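Peer 1: Have a look at this one.
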Amino acid sequence: IFEARDLPIKDVTGSSDPYIKVFLLPDRKKKFQTKVHRKNLNPVFNETFLFSVPYEELRQRYIQFSVYDFDRFSRHDLIGHVVLKGLLESADLHQEIEYTMNILAAPQGMKEVIIISILDLILQCYKYDT
Numbered sequence: 001i002f003e004a005r006d007l008p009i010k011d012v013t014g015s016s017d018p019y020i021k022v023f024l025l026p027d028r029k030k031k032f033q034t035k036v037h038r039k040n041l042n043p044v045f046n047e048t049f050l051f052s053v054p055y056e057e058l059r060q061r062y063i064q065f066s067v068y069d070f071d072r073f074s075r076h077d078l079i080g081h082v083v084l085k086g087l088l089e090s091a092d093l094h095q096e097i098e099y100t101m102n103i104l105a106a107p108q109g110m111k112e113v114i115i116i117s118i119l120d121l122i123l124q125c126y127k128y129d130t
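Quick note: the sequence shown, position 98, residue 98 per UniProt numbering, numbers continuous.
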């Protein structure tokens, strides 16, 4: 995960404290989380996460990136999320793939346009002969 841009203000301080949770779906058992970036509407995460997925399962798997605003004293606010489907079609064993996608707004009726750049999404797929 490289960066997020133009995140909405979620704190009374006029900023946000964003972080991203990464889920391998549909089972949501495997997840990772970035570090929190304090008071930053354009955080550069530059973090890499690796999910180990058998080649045969790629067709039914997808990745969800949920962007949250950290709050020390109450529940963290969901800013929005991005879902990356088509992992089998995206799997290229020889190159890194960069995606830039709009974040889908949280269900509270937000209207902001949010863009996230996802770098270092390296899908390492190995087909084993059995």
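No residue lacks a Cβ here, since even glycine has one placed at the ideal position from N, Cα and C. Values in this document were obtained by computation on a predicted structure and should not be read as measured data.
Which runs of the alpha helix (DSSP H) spanning at least 4 residues fall entirely within the region 39-70, listed in chain order?
Peer 2: List check, alpha helix (DSSP H) in window: nothing returned.
Peer 1: Please determine, among Thr34, Leu25, Gln60 and Lys85, the residue with the shortest C-alpha to C-alpha distance to glutamate 3.
Peer 2: Residue Thr34 is the option with its Cα nearest to glutamate 3.
Peer 1: How long is the line joining the alpha carbons of phenylalanine 23 and serine 66, rounded to whole angstroms?
Peer 2: Spanning the two alpha carbons is a distance of roughly 8 Å.
Peer 1: Would you decide whether aspartate 71 is buried or exposed? Buried here means 16 or more other CB atoms lie within 10 Å of its CB.
Peer 2: Exposed: under 16 other Cβ atoms inside 10 Å.
Peer 1: According to the neighbour-count rule (16 or more other Cβ atoms, all chains shown, within 10 Å of its Cβ), is phenylalanine 45 buried or exposed?
Peer 2: Flag for phenylalanine 45 reads buried.
Peer 1: Do you know how far the Cα of leucine 58 is from the Cα of glutamate 47?
Peer 2: Cα to Cα, the separation comes out at about 22 Å.
Peer 1: Would you decide whether tyrosine 55 is buried or exposed? Buried here means 16 or more other CB atoms lie within 10 Å of its CB.
Peer 2: Classification for tyrosine 55: exposed.
Peer 1: Run through DSSP, which three-state label would leucine 87 get?
Peer 2: Residue state, collapsed to three classes: helix.
Peer 1: Between Pro18, Lys29 and Ser52, which has its C-alpha nearest leucine 41's C-alpha?
Peer 2: It is Pro18 whose Cα lies nearest to the Cα of leucine 41.
Peer 1: Whole angstroms are fine: how far does the CA of aspartate 69 sit from the CA of arginine 75?
Peer 2: Rounded to whole angstroms, arginine 75 to aspartate 69 spans 9 Å at the Cα level.
Peer 1: Leaving out five residues before and five after phenylalanine 51 in sequence, what residues of the same chain have Cβ atoms less than 7 Å from its Cβ?
Peer 2: Once the five neighbours on either side are set aside, the close Cβ partners of phenylalanine 51 are Leu24 and Lys30.
Peer 1: On a Cα-Cα basis, can you pick out the residue from Val53, Asp11 and Ile103 that is closest to aspartate 77?
Peer 2: Comparing Cα positions, the closest option is Asp11.
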